[in-house]
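Below is one structure, written out as structure tokens, with a few remarks after it.
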Amino acid sequence: MNISNTKYHLLNVGDGHEFEDKGWTLSDPSGKTPSLVRAVYENRSFNPRPELDGIYRYADWMPIRRTLKRSCAPVTYKSKGLAKFLGLENLYITFSGWNPKIGAKFRTCSFKETEAYSVLARIPAREKRILVVQSAGNTARAFAQVCSDNRIPVVICVPNDCLHDLWFRKKLNQCVKLVTVPHGCDYYDAISVGEKLAQDPRYLLEGGAKNIARRDGMGTTILSFAEQAGCIPDAYFQAVGSGTGAIAAWENACRLAQDPRFGENHMKVFVAQNAPFTLIYDSWKAGSRELVPLTPEKGRLDAEIILAKVLSNRKPPYSIAGGLYDVLKESDGDVYLATNNDIMYWMMQFRNLEGYELLPSACVAVAALDQAVKEGRVGKQDNIMLNCTGGGTLAAMSRGYVFKQSDLELSPDLPASEIIARVNSLF
Numbered sequence: 032m033n034i035s036n037t038k039y040h041l042l043n044v045g046d047g048h049e050f051e052d053k054g055w056t057l058s059d060p061s062g063k064t065p066s067l068v069r070a071v072y073e074n075r076s077f078n079p080r081p082e083l084d085g086i087y088r089y090a091d092w093m094p095i096r097r098t099l100k101r102s103c104a105p106v107t108y109k110s111k112g113l114a115k116f117l118g119l120e121n122l123y124i125t126f127s128g129w130n131p132k133i134g135a136k137f138r139t140c141s142f143k144e145t146e147a148y149s150v151l152a153r154i155p156a157r158e159k160r161i162l163v164v165q166s167a168g169n170t171a172r173a174f175a176q177v178c179s180d181n182r183i184p185v186v187i188c189v190p191n192d193c194l195h196d197l198w199f200r201k202k203l204n205q206c207v208k209l210v211t212v213p214h215g216c217d218y219y220d221a222i223s224v225g226e227k228l229a230q231d232p233r234y235l236l237e238g239g240a241k242n243i244a245r246r247d248g249m250g251t252t253i254l255s256f257a258e259q260a261g262c263i264p265d266a267y268f269q270a271v272g273s274g275t276g277a278i279a280a281w282e283n284a285c286r287l288a289q290d291p292r293f294g295e296n297h298m299k300v301f302v303a304q305n306a307p308f309t310l311i312y313d314s315w316k317a318g319s320r321e322l323v324p325l326t327p328e329k330g331r332l333d334a335e336i337i338l339a340k341v342l343s344n345r346k347p348p349y350s351i352a353g354g355l356y357d358v359l360k361e362s363d364g365d366v367y368l369a370t371n372n373d374i375m376y377w378m379m380q381f382r383n384l385e386g387y388e389l390l391p392s393a394c395v396a397v398a399a400l401d402q403a404v405k406e407g408r409v410g411k412q413d414n415i416m417l418n419c420t421g422g423g424t425l426a427a428m429s430r431g432y433v434f435k436q437s438d439l440e441l442s443p444d445l446p447a448s449e450i451i452a453r454v455n456s457l458f
């Protein structure tokens with residue numbers, strides 16, 4: 032569906048420089064201050080649009096040119112079971128997964144669909160370039176499904192070890208091409224392959240955390256909370272690999288604070304990682320804006336060990352202006368850890384308390400909330416948002432599924448020219 036383009040301009044978070052979006056701007060063209068850029072929307076009031084389907088009810092704060100079919104908005108509800116277990120009076124769970132009983136119908140069971148529906152709606156309908164997406168699993172599944180449904184050509188680069196995450200209810204359209212990096216390689220290696228491919232002008236690099244559409248799609252989780260609870264959260268909890276979702280949540284909390292109905296933004300941002308992959312945790316606890324050293328060998332090994340493999344980004348947007356370090360500082364937030372045993376415990380406990388299952392990564396966020404309650408970082412009466420970024424996989428897969436097989440396996444050590452030539456042969 033074609034709609035009028037959302038009106039906005041871009042802001043360099045580091046130095047305040049404002050400029051116009053040229054269509055797919057990922058950074059400040061002036062190059063003076065390395066920084067994430069943020070969309071500044073013409074409409075400063077939070078006004079959901081019920082006439083638009085799914086996630087596009089929040090279109091006024093998404094940098095889009097059109098809407099795509101079959102999207103679903105995150106669902107927020109006030110917890111009873113988990114809230115009582117933790118002794119919290121105002122715990123809200125924002126769920127992005129498969130649970131039709133509460134209205135959540137994310138067919139890929141992950142909040143990465145919020146990214147896909149926003150990023151792909153930013154692309155003009157007549158765009159000829161082929162999108163390139165790099166992923167550790169959930170993002171790949173989301174973009175593959177949405178591109179298939181809407182016949183948008185895409186090359187998705189993932190580690191071979193994450194192929195088990197590439198399940199779908201039916202065979203995908205041929206417009207979706209899957210490129211894997213060999214066993215033992217990780218998400219960063221998939222990023223490397225995608226970046227080399229995007230050196231060819233026939234391809235359009237999605238951009239990851241730098242893409243305002245990705246962040247503002249993810250930020251709809253906060254908008255779902257605000258619509259349900261009528262306020263900005265006092266505390267926000269999420270598991271992170273890159274931290275992009277937490278950055279997005281903070282950005283939308285700041286937008287909500289510009290609307291007099293919501294008051295000032297005092298939201299504390301609490302994020303968590305799956306030990307032993309603890310790059311963000313280690314950097315934050317060291318008091319360092321710069322990421323602490325992590326060798327590729329150790330990063331790959333730790334990524335193999337953790338249950339929540341999607342939380343294993345070796346190059347997160349942590350240090351850059353407007354990145355996760357700044358969000359944690361500005362919000363008086365913190366970083367927690369959860370072990371594989373913690374994940375297993377909360378997968379079972381959450382199902383008992385709330386009636387549905389979570390993905391391992393979402394259980395990392397629940398573990399962090401439990402720790403924060405025990406430490407007194409959140410109060411009994413605080414308005415708390417727990418961002419449960421995926422779940423319902425067993426229920427969704429029980430309806431039948433097929434796996435997407437790799438179309439091509441490429442080493443990240445190959446020169447760009449060979450990667451381009453071999454991917455070109457797929458089209």
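Note that our numbering has the sequence shown beginning at 32, numbered continuously upward.
Beta carbons: idealized from backbone N, C-alpha and C, even for Gly.
All values reported here derive from a predicted model rather than from experimental measurement.
Bridge partner(s) assigned by DSSP for residue i
{"i": "G422", "result": "L389"}
{"i": "E73", "result": "DSSP, once it has assigned bridges, lists no residue as partnering E73."}
{"i": "E440", "result": "T211"}
{"i": "K100", "result": "Partner(s): none; K100 has no beta bridge."}
{"i": "T125", "result": "T107, N418"}
{"i": "Q165", "result": "C188"}
{"i": "L41", "result": "F50, A70"}
{"i": "Y267", "result": "V300, M416"}
{"i": "K63", "result": "DSSP lists no partner for K63."}
{"i": "A135", "result": "N130"}
{"i": "S141", "result": "G421"}
{"i": "F434", "result": "W198"}
Whole-angstrom C-beta distance between residue j and residue i, which should lie under 8 Å
{"i": "S166", "j": "A244", "result": "That pair is no contact at about 16 Å."}
{"i": "I311", "j": "A284", "result": "20 Å between Cβ atoms; not a contact."}
{"i": "E385", "j": "G112", "result": "5 Å"}
{"i": "P65", "j": "F50", "result": "Contact flag wrong, Cβ pair sits at about 15 Å."}
{"i": "T125", "j": "F256", "result": "5 Å"}
{"i": "G23", "j": "S102", "result": "The displayed coordinates of the chain run from 32 to 458. Any statement about residue 23 would go beyond what the structure contains."}
{"i": "T211", "j": "N191", "result": "4 Å"}
{"i": "A339", "j": "G45", "result": "The Cβ separation is near 31 Å, so there is no contact."}
Beta-carbon proximity of residue i to residue j, cut-off 8 Å
{"i": "P378", "j": "Y123", "result": "It is Met, not Pro, that sits at residue 378 in the sequence shown. No, the Cβ-Cβ distance between M378 and Y123 is not below 8 Å."}
{"i": "L162", "j": "P184", "result": "yes"}
{"i": "G276", "j": "T139", "result": "no"}
{"i": "P105", "j": "F77", "result": "no"}
{"i": "P94", "j": "Y148", "result": "no"}
{"i": "L57", "j": "G238", "result": "yes"}
{"i": "V300", "j": "P443", "result": "no"}
{"i": "I451", "j": "G354", "result": "no"}
{"i": "A70", "j": "L41", "result": "yes"}
{"i": "Y432", "j": "W198", "result": "yes"}
{"i": "L67", "j": "P348", "result": "yes"}
{"i": "G407", "j": "R331", "result": "no"}
{"i": "N43", "j": "D265", "result": "no"}
{"i": "A334", "j": "D217", "result": "yes"}
{"i": "I337", "j": "N305", "result": "yes"}
{"i": "Q259", "j": "T37", "result": "no"}
{"i": "I392", "j": "V341", "result": "Rather than Ile, the amino acid found at residue 392 in this sequence is Ser. It is a contact, given that the beta carbons lie within the stated cut-off."}
{"i": "R97", "j": "A156", "result": "yes"}
{"i": "E146", "j": "F137", "result": "no"}
{"i": "S273", "j": "N169", "result": "no"}
{"i": "R160", "j": "L235", "result": "yes"}
{"i": "A270", "j": "A303", "result": "yes"}
{"i": "W55", "j": "Y72", "result": "no"}
{"i": "F308", "j": "A396", "result": "no"}
{"i": "V465", "j": "V186", "result": "Given a span of 32 to 458 for the chain in the structure shown, any question on residue 465 remains unanswerable."}
{"i": "R80", "j": "A90", "result": "yes"}
Exercise. What are the uninterrupted segments assigned as alpha helix (DSSP H) that are 4 or more residues long and contained completely in the segment 330–402, given in chain order?
Worked result: Unbroken alpha helix (DSSP H) runs of no fewer than 4 residues, entirely contained in the segment 330–402, are found at 355–362, 371–385, following chain order.
Exercise. Between the segment 198–208 and the segment 164–181, do three or more beta carbon pairs fall short of 8 Å?
Worked result: The segment 198–208, when compared against the segment 164–181, does touch it at the 8 Å Cβ threshold.
Exercise. Quick one: complete alpha helix (DSSP H) runs, 4+ long, within the segment 179–247?
Worked result: Considered as a whole, the segment 179–247 harbours 218–228 as its complete alpha helix (DSSP H) runs of no fewer than 4 residues, in chain order.
For this session: Tell me, please, whether the segment 129–138 touches the segment 426–439 by the rule of three or more beta-carbon pairs shorter than 8 Å.
Result: Between the segment 129–138 and the segment 426–439 there are three or more inter-stretch CB-CB distances shorter than 8 Å, so the stretches are counted as touching.
Exercise. Whole beta strand (DSSP E) runs in the segment 277–330 with 3 or more residues, listed along the chain?
Worked result: Runs found: 299–305.
Exercise. Is it a yes or a no for the segment 318–327 touching the segment 282–297, going by three-plus beta-carbon pairs under 8 Å?
Worked result: Counting C-beta pairs with one atom in each stretch, the segment 318–327 and the segment 282–297 have fewer than three that are closer than 8 Å, which means they do not touch.
Problem set entry | the segment 390–410 in contact with the segment 248–259 per 3-pair CB rule at 8 Å | no
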